Amino acid sequence: MKRILVTTLGAGCLLAFAAPAHADTDVDAYFIGAVDQAGIEYTSPQEAIGVAHEVCDYLAGGHRVEGAARALQISNRALSPKKTAKFVTYAAAAYCPELATG
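Take the sequence shown: its letters are residues -23 to -1, 1 to 79, numbered as in mature numbering (1 follows the signal peptide of the UniProt record, and there is no 0).
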């Protein structure tokens, strides 16, 4: 049973995607698979995906990857810094690779 350790960054609304639904599903499956393999706990895949989109919103606001990881760590004290960094890395790789640079 998974429990939530990732919560929102308070970054605002989720981004709308123009890609077909099946493409989103493939990206979602990649992301959840990576999070599962890293042992990062969450309540539901939908919530983890929502937080991943909020990570991208945060990065799109001009923040750096390190700042996103720090913000996520602050709001999820039970999540280790290593797992927090992995979550942000996986989120950026899956949903906003253009923003994934430091």
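We put the CB at the ideal spot given by N, CA and C, even for glycine. Quick caveat: nothing in here was measured; it's all calculated off a predicted structure.
Assign A6 to buried or exposed, taking buried as 16 or more other Cβ atoms, counted over all protein chains shown, within 10 Å of its Cβ.
-> Position 29 of the sequence shown, counted from the start, is the residue given in the question as residue 6. That one is exposed.
Taking three-plus beta-carbon pairs below 8 Å as touching, is the region 18 to 25 in contact with the region 39 to 54?
-> no
Would you identify the three-state DSSP class for G27, choosing helix, strand or coil?
-> Stepping through the sequence shown from its first residue, residue 27 is reached at position 50. In this structure, G27 counts as helix in the three-state DSSP scheme.
Exposure of A55, with buried meaning 16 or more beta-carbon neighbours within 10 Å | Taking the sequence shown and counting its residues from 1, the one referred to as residue 55 is at position 78. A55 comes out exposed.
Grab me the residues of L76's own chain with a C-beta within less than 7 Å of its C-beta, minus the 5 sequence neighbours each way, in chain order.
-> Your numbering for residue 76 matches position 99 in the sequence shown. Around L76: C33, L36, A37 and A69.
Best match in D3, T2 and V28 for proximity to T66 [C-alpha to C-alpha] = For the purposes of this step, residue 66 is identified with residue 89 of the sequence shown, where counting begins at 1. Comparing Cα-Cα distances from T66 to each of D3, T2 and V28, the minimum goes to V28.
With C-beta atoms as the reference, is V12 less than 8 Å away from Y72?
-> In the sequence shown, residue 12 corresponds to position 35, counting from 1. In the sequence shown, residue 72 corresponds to position 95, counting from 1. Cβ distance not < 8 Å, so V12 and Y72 don't count as in contact.
Contacting residues, own chain, Cβ-Cβ under 7 Å from F64 (five flanking each side not counted) | Within the sequence shown, numbered from 1, the residue matching residue 64 stands at position 87. Closer than 7 Å at Cβ, skipping near neighbours: V(-18), V12, I17 and L49.
Kindly give me the distance between the Cβ atoms of I9 and A25, rounded to whole angstroms, as I take these residues to be in contact under 8 Å.
-> Within the sequence shown, numbered from 1, the residue matching residue 9 stands at position 32. Within the sequence shown, numbered from 1, the residue matching residue 25 stands at position 48. Rounded, the Cβ-Cβ distance is 7 Å, consistent with contact.
In or out: K59 buried (at least 16 other Cβ within 10 Å) or exposed?
-> Numbered from its first residue, the sequence shown carries residue 59 at position 82. That one is exposed.
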